Structures are given as C-alpha cells and as structure tokens.
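All residue numbers for the sequence shown refer to the numbering used here, where the first residue is 36 and numbers rise by one.
We put the CB at the ideal spot given by N, CA and C, even for glycine.
Small disclaimer: the values here were computed from a predicted structure and weren't measured.
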Amino acid sequence: MSKPPLSARLMVWTLVSLLAAPIVITLIYSLAESWGAQILPQGFSAEWYARLWSDSRFLAAFGRSLLVCLAALVLSLVLILPVLFVVFYYFPQLKGLMNLLVLLPFAVPPVVSSVGLLQLYAGGPLPLVGTPWILVLCYFTLSLPFMYRALANNLEAVNLPDLMDAAHLLGAGTTRAFLQVVLPNLRNGLLSALFLAFSFLFGEFVFANLLVGTRFETLQVYLYSQRTTSGHFTSAMVMSYFLFIGLATWVALRLQSRST
Numbered sequence: 036m037s038k039p040p041l042s043a044r045l046m047v048w049t050l051v052s053l054l055a056a057p058i059v060i061t062l063i064y065s066l067a068e069s070w071g072a073q074i075l076p077q078g079f080s081a082e083w084y085a086r087l088w089s090d091s092r093f094l095a096a097f098g099r100s101l102l103v104c105l106a107a108l109v110l111s112l113v114l115i116l117p118v119l120f121v122v123f124y125y126f127p128q129l130k131g132l133m134n135l136l137v138l139l140p141f142a143v144p145p146v147v148s149s150v151g152l153l154q155l156y157a158g159g160p161l162p163l164v165g166t167p168w169i170l171v172l173c174y175f176t177l178s179l180p181f182m183y184r185a186l187a188n189n190l191e192a193v194n195l196p197d198l199m200d201a202a203h204l205l206g207a208g209t210t211r212a213f214l215q216v217v218l219p220n221l222r223n224g225l226l227s228a229l230f231l232a233f234s235f236l237f238g239e240f241v242f243a244n245l246l247v248g249t250r251f252e253t254l255q256v257y258l259y260s261q262r263t264t265s266g267h268f269t270s271a272m273v274m275s276y277f278l279f280i281g282l283a284t285w286v287a288l289r290l291q292s293r294s295t
C-alpha cells in the first residue's frame with residue numbers, strides 16, 4: 036500500500052482536530068479550578084467530578100435514564116424481531132411499506148408529538164403523563180427506525196429464505212430455525228441497532244422534559260436544570276455523559292469483533 040500524500044494526511048488531521056477540539060476544551064474546563072480571563076486555567080482539580088458523582092440527585096437521574104432506555108430497547112427488540120422475520124420471510128412485498136412506517140416517528144417534530152400525547156394521556160382512562168411508562172413508549176417508537184434499519188440490512192445480507200430452507204431440510208421447525216439459525220446470524224446487526232438506539236435515546240431531552248419533567252427526572256432534564264450553575268460542574272456532567280457513551284460504544288465494538 037502506497038503512503039498517502041501529505042495533503043491527504045493534513046485533511047484527515049484537520050478534520051480530527053476540529054472534531055476533537057470541543058471535547059478536549061470541555062474536558063480541560065471540567066478539570067480547571069478556575070479559568071477566567073486567562074489563556075490557561077489556574078490549576079487542575081477533580082473537585083467538580085467528585086461533587087457531581089456524590090450528588091444523589093444526579094445519580095438518581097442517571098439511573099432513571101438508564102432504566103427507561105433499557106426498557107424501551109427490550110420492548111422494541113421483543114416486538115420488532117418477530118415482525119421483521121414475518122415480513123422478510125412470509126411477506127417480502129411489504130418491505131417498502133415497513134420502510135415508510137418506521138420513518139414516521141421522525142416525520143413529526145417531537146414538540147408536536149409531545150403536545151398531542153399530553154392531550155391524550157394527561158387524563159382519562161390512561162393518565163400516563165408524568166410517569167415513566169409514557170417515556171418508555173415514546174422511546175420505543177423512536178428506537179424503531181434504528182432497530183429496523185440495522186436488522187433489515189442484516190437480514191438482507193444473510194439471505195433469509197435460503198437459510199430457512201436449509202434449516203427445514205435438516206429437520207428444524209420454523210421457530211427452532213429462527214432461534215437457533217437466524218438469530219445467531221443477526222448478532223452484529225442486533226448489537227449495532229441496540230447501541231445506536233441507546234446512544235440516541237440516552238441523550239433525548241424534548242419528550243423527557245415535556246412529558247415527565249421533574250416528576251421523573253432523567254439525566255438530560257437534570258442537565259438542563261443545572262444550566263445556571265457553575266460551568267465547571269456542567270462541563271464535568273457533559274464529559275461524564277460522553278465518557279459513558281464512549282465506553283458503551285467500545286463494549287459494542289469489542290462484542291462485534293469477538294462474534295466475527
């Protein structure tokens with residue numbers, strides 16, 4: 036392989052520097068004891084991180100966000116996998132319709148959707164507003180495009196009809212073939228879908244703020260409530276959130292590399 040020219044390397048490093056600069060500056064600011072009009076901060080300390088991770092309100096908000104996201108992903112996984120299998124194996128002519136339906140959550144702005152949900156579920160037989168259940172159901176719909184697209188691409192790649200025909204020839208029933216033959220071949224697509232959806236849902240703010248707010252305070256709602264406090268404290272919070280997502284992405288990549 037020939038060595039890339041200097042111009043190509045400069046372009047890559049320029050792009051990397053532009054993307055990394057906000058993260059690096061936020062990290063430095065979160066570790067600075069004081070950083071005012073000076074070019075460089077006056078000393079470094081982990082005080083803001085210690086204060087953040089000893090805050091019971093932050094820990095509770097973090098746990099709530101994690102719980103809601105995981106519940107929504109489990110629900111979407113349980114529902115979307117059988118539907119995908121049925122569509123791709125029995126009704127392939129419905130693929131176009133499914134591609135259109137799963138994009139509907141992004142077709143309506145979150146603020147408009149929230150207003151409609153407030154009207155429907157603020158009272159009546161299902162008063163869900165202010166409870167985590169409405170957030171789980173909203174996040175379920177938001178995760179569908181990520182789950183469907185990643186798994187659909189994986190199903191196209193494994194050639195589902197031929198895979199099922201081979202399993203049937205070997206004596207496996209449809210359910211057994213799905214569980215023991217198809218699912219193992221969807222591992223990479225499943226991991227990609229789960230972690231992509233999780234990264235998006237964990238940072239969701241509009242639905243969480245409008246539908247539950249401080250009655251079930253999630254991480255993003257807590258971050259918004261702390262916007263008027265010390266910038267060092269909020270920077271530590273942003274970096275903690277970023278590092279958590281980065282760790283989750285690293286775990287996903289490791290799991291994918293082991294499965295290949």
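query                                                                                                            : result
Residues that F79 bridges to, as DSSP identifies them                                                            : A67
Whole-angstrom distance between L66 and L75, CA atom to CA atom                                                  : 12 Å
Close-in-space but distant-in-sequence residues of the same chain around A157 (CB under 8 Å, 5 per side omitted) : V164
Proximity winner among I63, F141 and Q261, relative to C173 (alpha-carbon distances)                             : F141
Span of the alpha helix (DSSP H), counted from its first residue to its last, around K130                        : K130 to L136
Buried or exposed (CB count within 10 angstroms, at least 16 for buried), Y183                                   : buried
Alpha-carbon to alpha-carbon, L236 and L204                                                                      : 42 Å
Nearest candidate by alpha-carbon position, reference V147, set V241, A271 and L41                               : V241
Secondary structure of V193, DSSP reduced to three states                                                        : helix
Proximity of L170 and V113 at Cβ, strictly below 8 Å                                                             : no
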